[in-house]
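In order, the protein sequences belong to chains R and U. Position in the first sequence (from 1) plus 18 gives the number in the working numbering. Position in the second sequence (from 1) plus 305 gives the number in the working numbering.
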Amino acid sequence: MPATETHCPYCALQCGMRLSPPSAEDRTAPPDGGERRRLPVTVEGRQFPTNRGGLCQKGWTSASVLAAPDRLTTPLVRDATGTLVAATWDDALDVVADRFRAVRARYGPDAVAVFGGGGLTNEKAYQLGKFARTALRTRNIDYNGRFCMASAAAAANRSLGLDRGLPFPVTDLDGGQAILLVGSNPAETMPPLVAHLAGAREHGGLVVVDPRRSATAELTDDGAGMHLQPVPGTDLAVLLGLAHVVVHEQLADTDYLDARTTGLDDLRPDLAQWWPERTEQVTGVPADDLRRAARLLAHASPHRGGVGAYVLTGRGLEQSRQGTDGVTAAINLALLLGLVGRSGSGFGTLTGQGNGQGGREHGQKADQLPGYRSITDPAAREHVARVWGVDPAEIPGPGLPAAELLRALGTPGGPRALLVHGSNLLVSAPDAARVRERLAALDLLVVCDFVPSETALSADVVLPVLQWAEEDGTMTNLEGRVLRRRAALPAPEGARSELWIWSELARRLDAPGRWSTDPSAVFDELARASAGGRADYSGLSHARLDAHETATNGADGGGLYWPVPSPDHPGTPRAFLDTFPLPGGRARLLPVHHRGPDDVLDTAHPVHLVTGRVLQHYQSGAQTRRVPELARAVSDAYVEIHPLLAELYDVAEGDTVRLTSRRGTAVAVVRLTRSVRPDTLFMPFHWPGENSVNRLTNPITDPVSGMPEFKVATVRLAVVTGETVGAAPVAVVTVAAAPVAVTRGGAR
Amino acid sequence: MKVVVVGNGMVGSRLVTELCASAEPGAAALDITVLGAEDHAPYNRVLLSEVVAGAYDVAAIDLPGVVDPRVGVWAGVCAVAVDRAAQVVVDSTGGRHRYDALVLATGAAARVPELPGLRRDDAALTPPPALTPTGLGCDAAGAAASPLPGLLAPRSDSAGLVPGAHVLRTIDDAREIVAASVNARHVVVLGAGVLGVEVAVGLAGRVGPDAVVHLVHPRGLMNAQLDAAASEVAADAVARLGVHVRTNVGAAAVVLHDGRVTGVVLDDGTQLPADLLVVTVGTLPETTLARGAGLDVDRGVVVGPDLATLRDHRVYAVGDCAQPPDGGSGLVGQGWDQARRLARTLAERAGALAVTPAGPRPEASDGVPGDDCSCGPVDDSSVVKVKGRGVDIVAMGVSGSARPPACGAHPRRTVRLSDPDAVRHLEVVVQGGRVVGATCVGGGAVAADLVAAFTRGTPAPRDPAQLLVRAVGPVGGSAETPVRIPDRATICRCNGVTKGDLVQAWADGSRTVEDVARTTRATTGCGGCKAPVCGILDWLRAAEPARSAPAAPTAPAAAERGEVVRSDSRS
Ligand SMILES: Cc1cc2nc3c(=O)[nH]c(=O)nc-3n(C[C@H](O)[C@H](O)[C@H](O)COP(=O)(O)OP(=O)(O)OC[C@H]3O[C@@H](n4cnc5c(N)ncnc54)[C@H](O)[C@@H]3O)c2cc1C
Ligand code: SF4
């Protein structure tokens with residue numbers, strides 16, 4: 019087996035990786051001498067602009083999931099006794115197709131719903147959207163990216179006319195004099211990105227807004243910048259305060275605002291209400307820090323002779339009922355400083371999931387068709403229908419966004435059957451207990467996964483699929499750069515690609531059109547479907563991407579960034595340089611208001627709870643909890659508590675506490691740290707069952723983006739005695755090896 | 306439903322914005338008339354002291370105005386009378402406005418003290434009535450008596466004072482002070498409350514070292530908010546910003562020359578030269594209209610918890626002119642909160658016009674409902690913070706020298722940190738497990754944390770003293786030496802490599818950064834840990850010659866901590 023150049027399976031940085039045949043002395047084995055799995059490939063970082071050869075621990079250990087002892091390799095169908103038993107592919111697919119047909123006959127096509135994922139390749143995301151609309155003929159398809167990028171996407175589309183996470187290459191950040199990071203913790207979530215912050219840190223220009231003293235916030239120490247630590251849920255107000263200072267201290271780029279934006283006259287009076295002292299009262303960020311931060315950004319901005327400045331947002335700001343407005347406030351600030359659409363400066367959002375960008379462009383979203391087209395736009399429907407070989411009238415209208423979709427499952431008039439791809443809903447969706455209840459109310463749950471995730475174990479039919487190193491395709495990373503994912507290994511006996519599964523189901527459901535199982539052919543179709551859309555891939559093909567990479571010796575120096583509207587188009591590394599795709603070519607300044615989180619503090623819920631990720635785990639942890647090194651590094655669900663708060667509640671390091679919100683309770687082990695505010699707890703969301711912080715989170719959503727309020731809730735806490743943590747009950751699986759939950763149990 | 310709003314200031318304008326934004330079904334049927342005495346779009350009055358300080362441009366403090374077909378704004382027009390029986394408001398042009406609901410948002414006027422020489426009509430030598438508001442050119446009797454009511458010009462608050470003397474309440478006042486400061490060499494600010502301090506510090510910054518700014522106050526600086534000890538430190542802080550602070554001495558008279566201010570005589574006989582005098586001795590709610598309409602007026606227009614006046618449920622008062630059951634704070638936060646609540650009430654009323662709300666409405670629960678402590682609910686909008694560069698004075702809740710008595714059920718703890726040499730004075734008052742008051746001079750970020758704890762009622766630590774130092778931050782200094790780093794401390798975060806892992810790698814033969822990168826993956830993520838990894842390798846190298854036993858690499862660290870050296874420290 020020759021070495022294969024591909025990219026990491028996990029996050030949107032899509033670090034460049036080389037997979038080679040395992041060496042005798044396998045370097046991906048844990049350095050601390052833990053359990054050694056026989057790994058099918060050796061992983062090493064390779065030179066690529068986003069990671070420059072580096073990988074984080076998740077990347078280094080990614081081969082481990084390929085060797086997961088409980089890898090699914092046969093379809094499972096729940097039998098009359100309620101047990102999941104092995105089935106042949108033909109039988110399993112027949113069951114799925116028959117029951118889909120039955121549900122459709124009884125309740126109509128919208129009663130079959132599809133839930134996708136931001137980890138699927140572009141090809142799969144595209145094909146899944148097409149499968150839903152033309153084979154199932156349902157309007158109800160949405161994906162977990164709704165829990166991730168929807169607010170940023172909605173805001174960017176509204177203000178800038180285009181949503182590309184970073185509308186500039188990541189490497190541009192290197193030259194920034196100042197970088198404002200709002201609600202993002204890349205030091206934990208995508209460590210190699212931190213290298214791109216080094217330039218700003220040298221200038222003392224890294225400004226991190228985070229209620230926690232996160233690993234990223236610590237990067238501002240020693241004169242490298244500033245950490246603004248607002249009360250949870252008030253980061254939007256911080257942005258209003260910063261914008262106030264920019265406008266009122268006359269630090270705004272007036273020439274740029276005149277030439278390239280609209281709405282200043284409406285925005286200015288609105289901002290007049292956010293003078294620093296008031297902002298301090300709302301946010302807890304000292305007025306002088308707000309002034310200092312605003313000036314620091316302004317001095318780095320081009321119109322004041324600075325080298326360049328960036329405003330970047332993350333989930334902390336976005337996962338809120340005012341998430342879209344929060345991002346809008348960040349965009350307003352960037353526009354006031356004249357940063358957007360200027361080489362060397364900019365606004366962007368740090369996409370989380372591996373293909374969070376591509377996943378939202380090709381039709382997995384309830385309201386979208388491929389090429390980032392609106393499903394309600396007649397011209398878009400017409401174009402896509404032609405590519406799909408259907409009548410435009412047959413394409414359903416917009417469906418329910420994720421949180422609503424999940425709430426509607428199994429309810430009268432709601433979907434009765436659900437097909438899940440690349441998502442571990444039971445752990446990752448808000449108000450997890452309710453999700454479990456909704457899934458249980460379905461007539462049919464079909465889950466495609468490669469390991470028995472919590473969601474798979476509760477399904478009626480489980481279809482085993484391929485992992486990243488076993489499949490070909492493309493991903494679009496956080497900068498809108500289209501990348502090749504390449505297979506290094508043959509598919510294991512019994513597992514199948516989703517493209518194959520959908521072609522089989524499409525045939526059984528008598529769907530129109532072509533259902534190729536070849537990723538490169540599906541890509542070509544995607545390219546045609548996207549032609550003329552905002553995310554135009556029509557100038558790309560697997561062959562062109564491969565040739566481009568070879569030409570730059572694997573490092574993909576220039577990269578191919580969408581839109582790429584023709585085969586000789588060089589791609590678009592930087593968007594908005596000349597114009598914004600909005601009326602008049604101008605970006606919009608839009609006044610937004612701070613309402614704060616839905617959960618309020620009261621005597622029954624006296625502290626804030628914020629949620630997030632840790633370095634060692636990805637999303638619901640279904641993959642990373644199966645990597646021994648990662649599971650060992652961070653094994654049990656934990657909650658971070660400030661020593662002062664701990665003292666008040668008589669809890670000590672290592673105690674088990676129960677947290678209670680207005681939705682439910684969760685249990686975790688206490689870690690004392692001074693990095694959280696004494697009025698705030700932090701709990702990561704990678705664990706299932708009792709330990710799932712999403713039993714506590716608030717499912718209320720942003721009215722524009724449908725994003726749930728994951729990040730802030732209010733809770734009370736109490737010490738639990740005589741309970742164990744982490745021993746979530748293990749469901750019985752007759753075929754696969756015991757699920758990994760076992761490796762986490764008994765730790766206490 | 307016809308709503309008439311009198312006053313287009315910070316709270317009146319906010320009320321109208323909120324009404325227009327209401328999603329209540331009835332809101333569509335609203336018909337809103339706004340009468341505003343100031344011939345100006347609504348602006349942010351709070352920032353006038355910043356305008357005086359030169360930090361803000363006077364043109365840049367406009368607040369959002371409403372453009373809505375349901376709203377008619379009469380700028381520069383005063384309400385002069387209310388006929389409650391007919392439900393009509395009469396304006397200064399003779400116009401009549403019928404209402405179903407009338408909202409008084411007339412704000413407050415600057416108080417002018419009884420000080421010989423200060424008022425223009427002092428020339429007539431009639432002693433002025435005690436503490437008269439200067440009026441906004443709107444008092445009902447005056448306007449009615451005016452021969453040309455329609456031409457009654459809106460004027461600044463300072464009208465009525467002798468040339469050279471000013472108050473600061475309106476945008477015109479601010480403009481005049483700014484203009485007068487250009488040539489001023491001797492500035493006297495009378496009254497060292499919050500506004501006086503802001504103005505004095507702002508003007509000291511504006512006029513620079515060539516001019517002298519005196520701040521005169523008969524008691525301690527900001528005595529309404531600060532007790533004697535805090536006040537002294539605050540006075541010191543203000544003095545360091547170039548203001549000559551004269552506390553505990555009042556003004557006796559204004560010295561005039563050719564009818565212009567040339568000085569101020571103090572109670573102790575000192576005469577301060579003055580070419581610009583700014584009077585900041587407090588405000589009085591503007592209640593003329595309400596009084597004329599026969600409504601209950603105490604300090605302000607008396608309203609119930611639902612913001613309706615006691616006698617007439619069709620008439621409401623909000624903002625500085627109102628006196629709600631818990632008292633008016635004179636702060637905009639309280640007024641904006643009232644505007645939000647009243648907008649909801651009115652929008653609901655518009656939906657069910659027939660029903661006039663009777664009993665008190667439930668209080669809004671923005672902050673912390675369910676107060677623990679029966680003996681003094683926290684008014685979370687009562688945070689006073691001095692604005693301006695270099696001043697750092699904040700007071701909230703229980704503070705100053707007049708404090709509500711503590712109750713037996715919830716013992717009170719008051720903890721103070723006095724650091725006068727560093728111009729710092731902090732105090733926190735905890736009761737019923739939460740912060741009920743605090744005073745911070747020079748508190749920096751601690752003050753911001755206390756504001757957050759006070760307004761949200763989050764649990765206070767067992768020892769309130771902890772509240773006086775920053776709770777969040779690095780545990781140790783950042784310049785840790787490798788010796789003191791514990792073995793379990795993570796050095797390479799990206800790859801979860803601890804110091805112990807590096808020590809082990811050294812023991813296994815790794816000697817360079819490249820070696821440890823290969824064996825532990827440290828430095829291969831973001832690369833940010835290269836320096837500490839090198840530091841640890843250097844330290845291990847330095848320890849090398851002294852090494853005798855093979856298990857010694859852990860020796861330096863362990864020995865330093867006085868631990869037994871275990872050869873099996875890592876498995
Ligand atoms: C310089 C300065 C600094 C301040 N700083 C702060 C601060 O830092 N923090 C804080 O919380 N508060 C501060 N305040 C107080 C704050 O400005 C007031 O609480 C707020 O303006 C009250 O709003 P309002 O609408 O009730 O009154 P106003 O804003 O005074 O508005 C009342 C309006 O009604 C008009 N009016 C009066 N009578 C009539 C009539 N008969 N007919 C028509 N119109 C009429 C007036 O002309 C005026 O325009 C400050 C005030 C000043 C002057
Ligand atoms: S998880 Fe993200 S940061 Fe870590 S190696 Fe993979 S792509 Fe890179």
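We put the CB at the ideal spot given by N, CA and C, even for glycine.
Asked: Residue environment, Arg852(U), which counts as buried when at least 16 other CB atoms sit within 10 Å; Found: Confidence at Arg852(U) is low in this model, with a pLDDT of 47, below 50, so the placement of that residue is unreliable and no value is reported for it.
Asked: Contact check, Gly465(U) vs Arg424(U), beta carbons under 8 Å; Found: yes
Asked: CB contact check: Ala233(R) to chain U, cutoff 8 Å; Found: yes
Asked: Where the alpha helix (DSSP H) through Arg286(R) begins and ends; Found: Leu282 to Leu289
Asked: Completely contained alpha helix (DSSP H) runs for the stretch 329-396 of chain R, where each covers 4 or more residues; Found: 333-336, 341-354 and 374-377
Asked: Cα-Cα separation between Val780(U) and Pro769(U), rounded to whole angstroms; Found: Bear in mind that a pLDDT of 47 at Val780(U), under 50, signals an unreliable position, so the number given afterwards is only what the model happens to contain. Distance between the alpha carbons of Val780(U) and Pro769(U) is about 20 Å.
Asked: Residue nearest to Leu266(U) in terms of C-alpha spacing, selected from Ala535(U), Ile698(U), Leu636(U) and Leu508(U); Found: Examination of residue 266(U) is not possible in this model, given that chain U is present from 306 through 876 alone.
Asked: DSSP-derived helix/strand/coil call for Ser783(U); Found: Low confidence applies here, because Ser783(U) scores a pLDDT of 41, under 50, leaving its location unreliable; read the following figure in that light. Looking at Ser783(U) - three-state DSSP - the assignment turns out to be coil, as it is neither helix nor strand.
Asked: Helix, strand or coil at Glu516(R) according to DSSP, with G and I counted as helix; Found: helix
Asked: His660(R) at chain U interface by Cβ criterion, 8 Å; Found: yes
Asked: Check whether Ser559(R) and Ala545(R) have beta carbons under 8 Å apart; Found: yes
Asked: Straight-line Cα distance separating Met493(R) from Leu368(U); Found: 47 Å
Asked: Cβ-heavy atom distance, Val371(U) to ligand 1, below 7 Å; Found: no
Asked: Identity of the residues DSSP links to Ala413(U) by a beta bridge; Found: Pro590(U)
Asked: 8 Å Cβ cutoff, Ala765(R) in contact with chain U; Found: Note that Ala765(R) scores 31 on pLDDT, short of 50, meaning its location in the model is unreliable; the coordinates nonetheless yield the value given after this. No, because no Cβ of chain U sits closer than 8 Å to the Cβ of Ala765(R).
Asked: CB contact below 8 Å: Pro791(U) versus chain R; Found: no
Asked: Cβ-based neighbour list, Leu31(R), same chain, cut-off 8 Å, excluding 5 preceding and 5 following; Found: Thr68, Asn69, Val188, Met208, Pro210, Leu211, Asn495 and Leu496
Asked: Contact with chain U by Gly72(R), beta-carbon distance below 8 Å; Found: yes
Asked: Where the stretch 758-775 of chain U meets chain R: residues whose CB sits under 7 Å from a CB there; Found: Ala758, Thr760, Arg761, Gly762, Thr763, Pro764, Pro766, Arg767 and Gln771
Asked: Short-range partners of chain U found in the stretch 278-308 of chain R, where Cβ spacing is below 9 Å; Found: Asp284, Arg286, Pro287, Asp288, Ala290, Gln291, Trp293, Pro294, Glu295, Arg296, Glu298, Gln299, Val300, Thr301, Gly302, Val303, Pro304, Ala305, Asp306 and Asp307
Asked: Environment of ligand 2 in chain order, Cβ to heavy atom below 6 Å; Found: Cys26(R), Tyr28(R), Cys29(R), Leu31(R), Gln32(R), Cys33(R), Asn69(R), Leu73(R), Cys74(R), Lys76(R), Gly77(R), Met208(R), Pro209(R) and Pro210(R)
Asked: Three-state secondary structure (DSSP) of Val500(R); Found: strand
Asked: Through-space distance from Gly72(R) to Pro20(R), alpha-carbon basis; Found: 21 Å
Asked: Backbone secondary structure at Gly440(U) - three-state DSSP; Found: Here Gly440(U) scores only 42 on pLDDT, less than 50, and its place in the model should not be relied on; the value that follows carries that caveat. Gly440(U) falls in the coil class under three-state DSSP.
Asked: Any C-beta of chain U under 8 Å from that of Ala242(R); Found: no
Asked: His730(U) beta carbon less than 8 Å from that of Gly742(U); Found: no
Asked: Segment limits, beta strand (DSSP E) that includes Gln736(U); Found: Arg729 to Gln736
Asked: Chain U contact for Val263(R) (CB, 8 Å cutoff); Found: no
Asked: Phe759(U) - DSSP class collapsed to helix/strand/coil; Found: helix
Asked: Close beta carbons around Gly241(R), own chain, < 8 Å, minus the five adjacent residues each side; Found: Gly222
Asked: Residue burial classification, Arg278(R) (beta-carbon count within 10 angstroms, cutoff 16); Found: buried
Asked: 8 Å Cβ cutoff met for Trp379(U) and Gly412(U); Found: no
Asked: N- and C-terminal bounds of the beta strand (DSSP E) containing Pro204(R); Found: Not the beta strand (DSSP E): Pro204(R) falls in the alpha helix (DSSP H), residues Pro204 to Thr207.
Asked: Beta carbon proximity, Thr829(U) to chain R, threshold 8 Å; Found: yes
Asked: C-beta contact flag for Ser798(R) and Ser556(R) at 8 Å; Found: Outside the displayed range of chain R (19 to 766) lies residue 798(R), so it cannot be described from this structure.
Asked: Distance between Val130(R) and Arg767(R) (C-alpha atoms, nearest Å); Found: Because chain R is modelled from 19 through 766, residue 767(R) falls outside the range shown and cannot be assessed.
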